[in-house]
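Going by full-length UniProt numbering, the letters in the sequence shown line up with residues 1 to 273, in that order.
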Amino acid sequence: MAGNDRIDPAARPVTARREQLTALVAERGFVRVADAADELGVSTVTLRGDLEALAADGLLRRVHGGAMPPVPEHRESSMELSSERQSAVKRAIARRAAALVAPGTSVLLDVGSTTLAVAEALVERTELADVVVITNGLSVALALERAIPRFDVIVTGGTLRPLQHSLVNPVAASTLEGLHADLAIIGCTGVDRAGRVTNVNLPEAEVKRAMLGAADRAVLVADGSKLGVTHLGRVGALADFEAVVTGGEVADAAVLDAVREAGCRLLAVDARG
C-alpha cells in the first residue's frame with residue numbers, strides 16, 4: 001500500500017465533507033466559496049451545493065460570496081462563544097486599537113468580545129500608565145484589573161445582562177452623561193453599505209450611543225464578518241468614528257468603500273502579523 005492509495009478529497013463521504021465545511025464556517029465566521037472549495041478539494045459547483053444543503057438544514061447562513069454561521073439576527077451569542085470566533089483576528093484588531101491609546105488619557109471601552117481583546121492588549125502594553133478606563137463590561141473590567149495601579153478602572157454600574165456580562169440602563173447611560181473621555185473604543189455586530197453601525201440588542205446599543213456622546217474621539221473595532229450586516233439597535237454612523245479597525249474575511253467588501261467615503265481611517269490588520 002504505497003503513496004498511490006491517497007483518497008481523492010472529492011470522493012470522501014458527503015456527510016464528512018459537509019461536517020468539515022460546517023466546522024470551517026463556525027471557526028472562521030465567514031468563508032468564501034473559492035477558498036473552501038480549494039481547501040476541501042472539490043469544485044466550486046460541488047461546494048455551492050454543499051452550502052445550499054447546509055443552509056437548508058439551518059447549519060449555516062448563505063451570504064454573497066460564501067457563508068456565515070447560523071446566528072439568527074434577533075439573537076446574540078454569549079461572550080464566551082463570541083470570543084472563540086475569529087479569535088486571532090480579534091487579537092490583531094485589539095493590538096492595533098490599543099496602540100491608539102496614549103499615556104495620561106481616558107478611554108471608554110464598551111462590552112464585547114473584540115473590546116475584551118482590546119482590554120487584554122492594553123494590559124500587555126506595560127509602558128502605558130496613568131490611563132483611566134471606563135467600561136460597562138464586567139469581563140472587560142476583570143481583564144483590566146491586572147493593570148491596576150497603572151490604570152484606574154471605572155465600572156458604570158447598571159442592570160446586568162448575563163449573556164455578555166454587560167451593565168446597561170437605567171444606570172449605565174446616566175453615569176456616562178456625567179463623564180468626559182478622550183477616546184471611545186466601541187464594538188458592534190453590524191456595519192452596512194449605508195454607513196449605519198448597529199448592534200444585535202437594544203440595551204447595549206443605547207449604552208454605545210451614550211459612549212459616543214461622552215468622548216472627543218471614537219474608534220470602531222469590528223472583524224470582517226460584521227461588515228455587510230445590519231441589526232436592530234442603532235449605535236451611530238460611520239461618520240461618528242475617526243477610524244475603523246478591522247481584519248479577516250469581509251462579508252461585504254462594499255462596506256470598505258463606505259468607510260472611506262465617511263472620512264474614516266481604515267486600519268486593516270493581518271491576523272498572521
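Even for Gly, the Cβ is constructed at its ideal location relative to N, Cα and C.
query: Quick check on the burial criterion: 16 or more other C-beta atoms within 10 angstroms. Buried or exposed for His64?; result: exposed
query: Decide yes or no for the touch test of the segment 168 to 184 against the segment 89 to 99: beta carbon pairs closer than 8 Å, at least 3 of them.; result: no
query: Taking the alpha helix (DSSP H) that Arg17 falls in, what are its first and last residues?; result: Val14 to Arg28
query: Between the segment 179 to 199 and the segment 104 to 116, are three or more C-beta pairs nearer than 8 Å?; result: yes
query: Can you have a look at Ile134 and say buried or exposed, based on whether 16 or more other CB atoms are within 10 angstroms of its CB?; result: buried
query: Out of Ala23, Asp240, Lys208 and Ala172, point me to the one whose CA is closest to Gly195's CA.; result: Asp240
query: Just to confirm the assignment: which complete beta strand (DSSP E) runs, minimum length 3, are found wholly within the segment 199 to 244?; result: 215 to 221 and 233 to 237
query: Please list, in chain order, all residues of the same chain as Arg125 whose beta carbon is under 7 Å from its beta carbon, the five residues on each side excluded.; result: Ala98
query: At what residues does the alpha helix (DSSP H) containing Leu47 begin and finish?; result: Thr44 to Ala56
query: With a threshold of 6 Å on Cβ separation, who are the neighbours of Val269 within its own chain once the five nearest residues in sequence on each side are excluded?; result: Ala92, Ile93, Arg96 and Gly247
query: Quick one: which unbroken alpha helix (DSSP H) runs of 4-plus residues sit fully inside the segment 134 to 165? Chain order, please.; result: 138 to 144
query: Let me check understanding here. Comparing Cα to Cα, which of Arg32, Val45 and Gly157 lies closest to Arg61?; result: Arg32
query: Tell me whether Thr246 sits in a helix, a strand or coil according to DSSP, three-state version.; result: strand
query: What residues are listed by DSSP as bridge partners for Val63?; result: Gly66
query: CA-CA distance, Gly137 and Ala143?; result: 10 Å
query: Taking just the CA atoms, how far does Asp192 sit from Asp57?; result: 27 Å
query: Determine the DSSP secondary structure at Ala102, reduced to helix, strand or coil.; result: coil
query: Pop quiz: Val221 and Gly187 are said to be a contact at Cβ under 8 Å. What is the actual Cβ separation, rounded to whole angstroms?; result: 5 Å
query: Return the bridge partner residues of Ala184 from the DSSP annotation.; result: Leu108 and Ala218
query: Just to confirm, does Thr44 get its C-beta within under 7 Å of one of the non-hydrogen atoms of the ligand SAH?; result: Looking for the ligand SAH in the displayed structure turns up nothing, as the structure carries no ligands at all.
query: Looking at the secondary structure, which residues open and close the alpha helix (DSSP H) in which Leu176 lies?; result: Val171 to Glu177
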